[in-house]
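Chemist: Before anything else, here's the structure in question.
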Amino acid sequence: MADRASSPDICVLAESDEPLSRRAVYTRVVIIVAALALVGGGIAIAVVVLTQSPVETSSFAEGKSGFNSSTSTMGTKGTEIAPNTTMVTPTTASPTTTPNNTVATPTTTPNNTVATPTTTPHTTVATPTTTPHTAVAPTTATPTTTPHTTVTPTTATPTSKPNTTSVSTAVPVLTGLGHILPKHMFLDAFPNAHPLYTYENLLAMAAKYPEFASTGDVTADRREVATFLGHVALESGDLRFVEELKVSTMCQESPEYPCAPGKQYHGRGAIQLSWNYNYKDFGKVANIELVQFPELVATDPDLLWWSALWYSNDDRWNGNIHKVVGRPGGFAYVTFMINGGLECGLNPSNKKSEATRIANYVKFCSMLGVDPGDNLSCQTAAYPPKNLWIDPPTKRL
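As numbered in UniProt numbering, residues 1 to 397 make up the sequence shown, in order.
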């Protein structure tokens, strides 16, 4: 009984030892697996570190001075590897999209990667498909039209050449006359003027005499214009006629001043240029043979005005209108220079003409804003004058 009684105890011990042995085996297996897992994890970490070390080295090489100093510190620690606080190695699986600070190669390339992206960012190294704004030599297409900054603009050649020789089409030169007598005033003064009497031609011809109405004396200059217009208005019927209605030969022939056969030298133009010697003298100035063709003075729009301005600015036997018009009594003396004894003196044959001249002169003085002065009539005992207002005489009338 003692044997049987002790036998179960032994069996119990034997049965109890078997489970203990299995537990020990299981425990050892678990420990071994855990150790293998740790070893495998360390190997994986080592592989990751070894594979990423070139990138980190490149990152450190490309980094700022702070990274360089960190690398130097790692070198002074011997074999100890300093922890990299700037890089985080995730233990989870690689994401499908890699953020900018990850080490693993993402499926889509961020802006700071070296690989050629599918769409070209502005900071990529690879040649972009489209030229970025920061490119050194952008492939800008040549414009089809020349910009305004070009040195030689491609202006089209005009189809017609401008006429620079015609006085009537030239831009008026603002002489003293142009400033004193604007165009609107001229048109108001002569509303029924002949079409050949143009304002533009008047200014162009006045420019040939730069001192005409340009002395700088405002009163004298305005009176000179009023005198010119007053006599022109009387001679041409307020610019309605280009030549005298009552024609005649008016030839006083001499070896120096001949007359052409069949030609008449009656009044033509704004001042009604008369007599063959005046036609010849004016023709020399205009470089035209007016003795042979006196009718040109009535048909050429330049000669219409030029003849009157020449007569008012040229020296002649009894003086120069431009030089005497500014003197006291100058208007009366100009009337004497133009028509002499026909209108001047105590008993002239044509008293009414002088009255019309004076009325015209006073009207134009009022229009130009200047006082006409005194002693406007030449129908006094002072005419004909004993001493001519010459300085000195060079021409004859």
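Note that beta-carbon positions come from the ideal geometry of N, C-alpha and C, so glycine has one too.
Since the model is a prediction, treat every value here as computed from it, not as a measurement.
(1) Taking C-beta to C-beta, are glutamate 235 and glycine 267 nearer than 8 Å?
(2) Which of helix, strand or coil does DSSP assign to leucine 376?
(3) Distance check for serine 349 and tyrosine 199, CA to CA, integer angstroms please.
(4) Determine the direct distance from the alpha carbon of isoleucine 338 to that of lysine 363, and round the result to whole angstroms.
(5) Are the CB atoms of tryptophan 305 and asparagine 201 within a distance shorter than 8 Å?
(6) Taking C-beta to C-beta, are aspartate 238 and isoleucine 180 nearer than 8 Å?
(7) Would you mind stating whether alanine 308 and valine 232 have Cβ atoms separated by less than 8 Å?
(8) Please state the DSSP three-state secondary structure of leucine 181.
(9) Return the CA-CA distance between alanine 359 and tyrosine 197, expressed in angstroms with no decimal places.
(10) Three-state secondary structure (DSSP) at glycine 341?
(11) Under the three-state reduction of DSSP, which class applies to glycine 216: helix, strand or coil?
(12) Return yes when the Cβ of proline 372 is within less than 8 Å of the Cβ of tyrosine 361, no when it is not.
(13) Does the structure place the segment 252–261 close enough to the segment 207–220 that three or more beta carbon pairs sit under 8 Å?
(14) Using 10 angstroms around the beta-carbon of proline 147, count the other beta-carbons present and answer buried if the total reaches 16, otherwise exposed.
(15) Are the CB atoms of valine 247 and glutamine 272 nearer to each other than 8 Å?
(16) Rounded to the nearest angstrom, how far is the Cβ of glycine 329 from that of asparagine 375, given a contact under 8 Å?
(17) Is glycine 319 helix, strand or coil by DSSP?
(18) Would you list the one or two residues that DSSP bridges to alanine 243?
(19) If you measure between the beta carbons of alanine 206 and leucine 177, is that distance less than 8 Å?
(20) Evaluate proline 294 with the Cβ neighbour count: other Cβ atoms within 10 Å of its Cβ, from every protein chain shown; 16 or more gives buried, anything less gives exposed.
(21) Using only alpha-carbon positions, find the residue among Met250, Asp300 and Phe336 that is nearest to tryptophan 317.
(22) Helix, strand or coil for leucine 196? Go by DSSP, reduced to three states.
(23) Assuming the contact rule is C-beta atoms closer than 8 Å, valine 242 and alanine 286 should be a hit. Round their C-beta distance to whole Å, please.
(24) For leucine 342, which residues in the same chain have their Cβ closer than 7 Å to its Cβ, ignoring the five residues on either side in sequence?
(25) Whole-angstrom Cβ separation of proline 261 and valine 291, contact assumed at under 8 Å?
(26) What distance in whole Å lies between the Cβ atoms of alanine 226 and valine 334, which are believed to be in contact at a cut-off of 8 Å?
(27) Excluding the five sequence neighbours on either side, which residues of its own chain have a C-beta within less than 6 Å of the C-beta of lysine 280, listed in chain order?
(28) Distance check for methionine 367 and aspartate 188, CA to CA, integer angstroms please.
(29) Taking the CB atoms as reference points, tell me whether alanine 193 and arginine 223 lie closer together than 8 Å.
(30) If you drop the 5 nearest sequence neighbours on each side, which residues of the same chain put their C-beta closer than 7 Å to that of glycine 230?
(31) Going along the chain, which residues of its own chain have a beta-carbon closer than 7 Å to the beta-carbon of serine 274, five neighbours each way excluded?
(32) Based on the DSSP output, what are the partners of leucine 273 in its beta bridges?
(33) Since glycine 269 and leucine 303 should fall inside the 8 Å C-beta cutoff, what is the C-beta to C-beta distance between them, to a whole number of angstroms?
(34) Per DSSP, what kind of secondary structure is arginine 222 in: helix, strand or coil?
(35) Between which residues of its own chain and leucine 296 is the CB-CB distance below 8 Å, once the five residues before and five after are set aside?
Modeler: On the basis of the coordinates in this document:
(1) Result yes, Cβ atoms of glutamate 235 and glycine 267 sit closer than 8 Å.
(2) Coil.
(3) Their backbone Cα atoms lie some 34 Å apart in a straight line.
(4) Cα-Cα distance, rounded: 20 Å.
(5) Contact annotation: asparagine 201 and tryptophan 305 have beta-carbon atoms nearer than 8 Å.
(6) Between aspartate 238 and isoleucine 180, the CB-CB gap reaches or exceeds 8 Å.
(7) Contact: yes.
(8) In the structure shown, leucine 181 sits in coil (DSSP, three-state: anything other than H, G, I, E or B).
(9) Those two C-alpha atoms are separated by around 22 Å.
(10) Per DSSP, reduced to three states, the secondary structure at glycine 341 is helical.
(11) Note: glycine 216 maps to coil in three-state DSSP.
(12) Yes, the Cβ-Cβ distance between tyrosine 361 and proline 372 is below 8 Å.
(13) The answer is no - the segment 252–261 does not touch the segment 207–220, with fewer than three Cβ pairs under 8 Å.
(14) A caution first: proline 147 carries a pLDDT of 42, below 50, which makes its placement in the model unreliable, though a value can still be read off. Counting C-beta atoms within 10 angstroms of its own C-beta, proline 147 has fewer than 16 neighbours from the protein chains shown and is therefore classed as exposed.
(15) No.
(16) The Cβ separation is near 4 Å, so the contact holds.
(17) If DSSP states are grouped into helix, strand and coil, glycine 319 belongs with the strands.
(18) Reading off the sequence, residue 243 comes out as glutamate, not alanine. Beta-bridge partners of glutamate 243 (DSSP): Arg268.
(19) Note that the C-beta distance between alanine 206 and leucine 177 is below 8 Å.
(20) So proline 294 ends up on the buried side.
(21) Measuring from the Cα of tryptophan 317, the nearest candidate turns out to be Phe336.
(22) Of the three classes helix, strand and coil, the one that applies to leucine 196 here is coil, per DSSP.
(23) At roughly 16 Å, the Cβ-Cβ gap does not stay under 8 Å, so valine 242 and alanine 286 are not in contact.
(24) The residues are Pro348, Ser349 and Asn350.
(25) With 8 Å as the limit, proline 261 and valine 291 do not qualify as a contact, their Cβ atoms being about 11 Å apart.
(26) So it is not a contact: roughly 11 Å between Cβ atoms.
(27) Result list for lysine 280: Tyr257 and Val291, in chain order.
(28) About 10 Å.
(29) Alanine 193 is not a Cβ neighbour of arginine 223, given a cutoff of 8 Å.
(30) Contacts found: Arg357, Asn360, Tyr361 and Phe364.
(31) The beta carbon of serine 274 is closer than 7 Å to those of Met250, Tyr265, His266 and Gly267 in its chain, skipping five residues each way along the sequence.
(32) Residue pairing by DSSP places leucine 273 opposite Arg268 in a beta bridge.
(33) Correct: roughly 7 Å between the Cβ atoms.
(34) Of the three classes helix, strand and coil, the one that applies to arginine 222 here is helix, per DSSP.
(35) By the criterion of a C-beta distance shorter than 8 Å, leucine 296 is surrounded in its chain by Ile288, Leu290 and Leu303, once the five residues flanking it on both sides are discounted.
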